[in-house]
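Peer 1:
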Amino acid sequence: MKLHTQHSLKALNTFGIDQTAENFVAVESKEELKEALNLAKFEQKFILGGGSNLLLTQPIKGLCIHIALKGINVIQEDDKTVIVEAMAGENWHDFVCWTLEQGYGGLENLSLIPGNVGTSPIQNIGAYGVELKDIFESCTAFDRHNLTQRTFTREDAQFGYRSSFFKTKGKGQYVISAVQFRLTKKGHVINTSYGAIKEALGNKESTPQNIAHAVISIRQSKLPNPAELGNSGSFFKNPIISKAQFDQLLTTFPKLPSYPQENGEVKVPAGWLIDQLGFKGKRIGDAGVHKKQALVLVNYGNASGQEILALAQKIQANVKESFNISLEAEVNIL
Ligand code: EPU
Numbered sequence: 011m012k013l014h015t016q017h018s019l020k021a022l023n024t025f026g027i028d029q030t031a032e033n034f035v036a037v038e039s040k041e042e043l044k045e046a047l048n049l050a051k052f053e054q055k056f057i058l059g060g061g062s063n064l065l066l067t068q069p070i071k072g073l074c075i076h077i078a079l080k081g082i083n084v085i086q087e088d089d090k091t092v093i094v095e096a097m098a099g100e101n102w103h104d105f106v107c108w109t110l111e112q113g114y115g116g117l118e119n120l121s122l123i124p125g126n127v128g129t130s131p132i133q134n135i136g137a138y139g140v141e142l143k144d145i146f147e148s149c150t151a152f153d154r155h156n157l158t159q160r161t162f163t164r165e166d167a168q169f170g171y172r173s174s175f176f177k178t179k180g181k182g183q184y185v186i187s188a189v190q191f192r193l194t195k196k197g198h199v200i201n202t203s204y205g206a207i208k209e210a211l212g213n214k215e216s217t218p219q220n221i222a223h224a225v226i227s228i229r230q231s232k233l234p235n236p237a238e239l240g241n242s243g244s245f246f247k248n249p250i251i252s253k254a255q256f257d258q259l260l261t262t263f264p265k266l267p268s269y270p271q272e273n274g275e276v277k278v279p280a281g282w283l284i285d286q287l288g289f290k291g292k293r294i295g296d297a298g299v300h301k302k303q304a305l306v307l308v309n310y311g312n313a314s315g316q317e318i319l320a321l322a323q324k325i326q327a328n329v330k331e332s333f334n335i336s337l338e339a340e341v342n343i344l
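Numbering (this note's numbering), first residue to last: 11 to 344.
Now the structure itself:
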């Protein structure tokens, strides 16, 4: 375990923001993770996963612990089902590809999401009709203060839309070291409810592999590849508003798309709202709004975190003024 000082984080956040960590260590085993958490000389400790949901607006003080634990193992299986454990530092999409190569179903709709396995439960990643919670079996996490290990079941994790116990009540208390997934070997649960998947599939069979290909082509057509253009996926959450407010908005904006919620409220796409205000493709310096998806903010090269944040705040103020809706950031802003 090697300690670095003034370590650049540019390659470790998908926005490609040039910030540093005052002190930095990459941990490759549970023992190293415990050792790093135990380093008493650093009062503040920041846990860095895949850096795909993070906007750095300032240097990281204290110690930045980068989770680099690797490994994928089948821990239980029968004829139909398999439980696979992946260590927190595995790249999410590489892990999805590995499961598909083994013939396991369940993760295909979540193909090509940037980030690592360990952070996937924190915000209950989701795309094309599937959320992490649907295939989550459990996860293993360390209590940051007494360094004991604990297993969280799906119930313990309290998943919600882009949310979990780890983002709410348990925020800052635990470090996830591994996640266990319940996948299928046969009788796959296929979800092609998202219209664009059906279109991309054409007359191909709905196998997990074909769905993954469809999802990959949809994502590649709409979402920028962080390796080419810095970004953090959706910058804001889709807001959930009351039915009364939605009905009122419809009188002025009859084309406003909507996703009714079980409790009667209505989720509306933030991308649509931002697009209506003419932000799509806008660029201020090196900070911009993606040309093909208004919910995605991008770094054209040398934008600072502050510049991206200023653009985000401008969008929030405009959406508030025009629609009386407060957009909440999905990305963690530091
Ligand atoms: N729309 C526009 N203009 C835009 C963008 C979207 O009019 O610039 C409209 C679309 O036409 C559509 C609606 O808004 O009617 C929704 O758009 P889309 O299907 O692209 O999905 P989204 O709601 O913008 C969410 C997730 C994505 C996920 C997709 C597909 C959130 C915050 N985002 O985006 O997740 O990939 O659905 O399931 O829930 C992420 O979280 O980082 C992410 C990329």
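Backbone N, C-alpha and C define an ideal beta-carbon position, used for all residues, glycine too.
#1: Kindly provide the ranges of any alpha helix (DSSP H) runs that are 4 or more residues long and lie completely inside the stretch 180-255, ordered along the chain.
#2: So, is residue 130 buried or exposed, given that buried needs 16 or more other C-beta atoms within 10 angstroms?
#3: Whose C-alpha, out of 84, 45, 252, 300, is nearest the C-alpha of residue 346?
#4: Given this structure, state the Cα-to-Cα distance separating residue 321 from residue 298, to the nearest angstrom.
#5: Identify which residue in 270, 286, 241 has its Cα closest to the Cα of residue 262.
#6: Does DSSP put residue 103 in a helix, in a strand, or in coil?
#7: Should residue 55 go down as buried or exposed, given a rule of 16 or more other Cβ atoms within 10 Å for buried?
#8: Measure the alpha-carbon distance for residue 224 versus residue 215 and round it to whole angstroms.
#9: Is residue 297 near ligand 1, in the sense that its beta carbon is under 8 Å from a heavy atom of that ligand?
#10: Can you look up residue 160 in the DSSP assignment and give me helix, strand or coil?
#11: So, residue 118 versus residue 222, is the Cβ gap smaller than 9 Å?
#12: Confirm, please, whether the CB-CB distance from residue 62 to residue 125 is below 9 Å.
#13: Per DSSP, which residues does residue 293 bridge with? Please list them.
#14: If you follow the alpha helix (DSSP H) that residue 333 is part of, which residue opens it and which one closes it?
#15: What number of angstroms, rounded off, separates the C-alpha of residue 316 from the C-alpha of residue 87?
#16: Taking 8 Å as the cut-off, does the stretch 238-253 touch the stretch 147-155 (at least 3 CB pairs, one atom from each stretch)?
#17: What does the Cβ neighbour count give for residue 59, buried or exposed, with the cut at 16 atoms within 10 Å?
#18: Secondary structure at residue 344, three-state DSSP: helix, strand or coil?
#19: Regarding residue 305 and ligand 1, is the C-beta to nearest heavy atom distance less than 8 Å?
#20: Identify every residue that forms a DSSP beta bridge with residue 137.
#21: Can you tell me where the beta strand (DSSP E) holding residue 153 begins and where it ends?
#22: How long is the line joining the alpha carbons of residue 265 and residue 201, rounded to whole angstroms?
#23: Assuming contact is defined by CB atoms lying nearer than 9 Å, are residue 177 and residue 132 in contact in what I supplied?
#24: Scan the stretch 53-97 and note each continuous beta strand (DSSP E) run of 3 residues or more that stays entirely inside, going in chain order.
#25: Roughly how many angstroms lie between the CA atoms of residue 139 and residue 205, to the nearest whole one?
#26: Taking the C-alpha atoms as reference points, what is the distance between residue 141 and residue 67?
#27: Count the other C-beta atoms from every protein chain shown that fall within 10 angstroms of the C-beta of residue 327, then say buried if there are 16 or more, exposed otherwise.
#28: Whole angstroms are fine: how far does the CA of residue 109 sit from the CA of residue 289?
#29: Indicate whether residue 99 and residue 38 have their beta-carbon atoms separated by less than 9 Å.
#30: Residue 334 to residue 267, Cα distance in whole Å?
#31: So, for residue 371: in the same chain, excluding its five sequence neighbours on each side, which residues have a beta-carbon less than 8 Å away from its beta-carbon?
#32: To the nearest angstrom, how far is the alpha carbon of residue 295 from that of residue 30?
#33: Going straight from the alpha carbon of residue 42 to that of residue 75, what length do you get?
#34: Under the three-state reduction of DSSP, which class applies to residue 44: helix, strand or coil?
#35: Go ahead and label residue 155 buried or exposed: buried means 16 or more other beta carbons lie within 10 angstroms of its beta carbon, across all protein chains shown.
Peer 2: Reading from the atomic positions:
#1: 205-211, 218-232
#2: Taking the sequence shown and counting its residues from 1, one reaches residue 130 at position 120. Per the 10 Å Cβ criterion, buried.
#3: Residue 346 lies beyond the residue range present for the chain, which begins at 11 and ends at 344; the question has no answer from this structure.
#4: For this step, residue 321 is matched to residue 311 along the sequence shown. For this step, residue 298 is matched to residue 288 along the sequence shown. Answer to the nearest angstrom: the Cα atoms are 8 Å apart.
#5: For this step, residue 262 is matched to residue 252 along the sequence shown. The shortest C-alpha separation from residue 262 is found at 286.
#6: What you label residue 103 is simply residue 93 of the sequence shown in a count that begins at 1. In the structure shown, residue 103 sits in a helix (DSSP, three-state: H, G or I).
#7: What you label residue 55 is simply residue 45 of the sequence shown in a count that begins at 1. Label assigned to residue 55: buried.
#8: Position 214 of the sequence shown, counted from the start, is the residue given in the question as residue 224. Position 205 of the sequence shown, counted from the start, is the residue given in the question as residue 215. Spanning the two alpha carbons is a distance of roughly 11 Å.
#9: Here residue 297 corresponds to residue number 287 of the sequence shown, with the count starting at 1. Residue 297 Cβ: outside cutoff for every heavy atom of ligand 1.
#10: Your numbering for residue 160 matches position 150 in the sequence shown. Correct three-state label for residue 160: strand.
#11: To locate residue 118, count along the sequence shown from 1; it is residue 108. To locate residue 222, count along the sequence shown from 1; it is residue 212. A contact, by the Cβ cut-off of 9 Å.
#12: Here the question's residue 125 lines up with position 115 in the sequence shown. Here the question's residue 62 lines up with position 52 in the sequence shown. Yes, the Cβ-Cβ distance between residue 125 and residue 62 is below 9 Å.
#13: Locating residue 293 in the sequence shown gives position 283, counting from the first residue. DSSP lists 298 as partners of residue 293.
#14: For the purposes of this step, residue 333 is taken as the residue at position 323 of the sequence shown. Annotation for residue 333: the continuous alpha helix (DSSP H) segment containing it runs 315-333.
#15: For the purposes of this step, residue 316 is identified with residue 306 of the sequence shown, where counting begins at 1. For the purposes of this step, residue 87 is identified with residue 77 of the sequence shown, where counting begins at 1. Approximately 48 Å, taken between the alpha carbons.
#16: no
#17: In the sequence shown, residue 59 corresponds to position 49, counting from 1. Buried, since its Cβ has 16 or more Cβ neighbours within 10 Å.
#18: Residue mapping note: residue 344 aligns to position 334 of the sequence shown, counting from 1. Three-state DSSP puts residue 344 in coil, outside helix and strand.
#19: Looking up residue 305 in the sequence shown gives position 295. Residue 305 Cβ: within cutoff of ligand 1.
#20: What you label residue 137 is simply residue 127 of the sequence shown in a count that begins at 1. Answer by DSSP bridge pairing, in chain order: 140.
#21: Residue 153 sits at position 143 when you count from the first residue of the sequence shown. Where residue 153 is concerned, the enclosing beta strand (DSSP E) stretches over 146-153.
#22: Residue numbering aside, residue 265 sits at position 255 when the sequence shown is read from its first letter. Residue numbering aside, residue 201 sits at position 191 when the sequence shown is read from its first letter. Cα-Cα distance, rounded: 26 Å.
#23: On the sequence shown, residue 177 is found 167 positions in, with the first residue counted as 1. On the sequence shown, residue 132 is found 122 positions in, with the first residue counted as 1. Yes.
#24: 55-58, 70-77, 82-87, 91-97
#25: Looking up residue 139 in the sequence shown gives position 129. Looking up residue 205 in the sequence shown gives position 195. Their backbone Cα atoms lie some 10 Å apart in a straight line.
#26: Walking along the sequence shown from the start, residue 141 turns up at place 131. Walking along the sequence shown from the start, residue 67 turns up at place 57. Going by the C-alpha atoms only, they are around 29 Å apart.
#27: In the sequence shown, counting from the first residue as 1, residue 327 sits at position 317. Exposed is the call here.
#28: Residue numbering aside, residue 289 sits at position 279 when the sequence shown is read from its first letter. Residue numbering aside, residue 109 sits at position 99 when the sequence shown is read from its first letter. One C-alpha to the other measures close to 38 Å.
#29: Taking the sequence shown and counting its residues from 1, the one referred to as residue 99 is at position 89. Taking the sequence shown and counting its residues from 1, the one referred to as residue 38 is at position 28. Yes, they are a contact pair.
#30: Indexing the sequence shown from 1 puts residue 334 at position 324. Indexing the sequence shown from 1 puts residue 267 at position 257. Using only the alpha carbons, I get a separation of about 16 Å.
#31: The displayed coordinates of the chain run from 11 to 344. Any statement about residue 371 would go beyond what the structure contains.
#32: Looking up residue 295 in the sequence shown gives position 285. Looking up residue 30 in the sequence shown gives position 20. One C-alpha to the other measures close to 22 Å.
#33: Residue numbering aside, residue 42 sits at position 32 when the sequence shown is read from its first letter. Residue numbering aside, residue 75 sits at position 65 when the sequence shown is read from its first letter. Near 10 Å, if we compare the C-alpha coordinates of residue 75 and residue 42.
#34: Locating residue 44 in the sequence shown gives position 34, counting from the first residue. Helix.
#35: The residue you call residue 155 lines up with position 145 of the sequence shown. Classification of residue 155: exposed, given that the 10 Å Cβ count is below 16.
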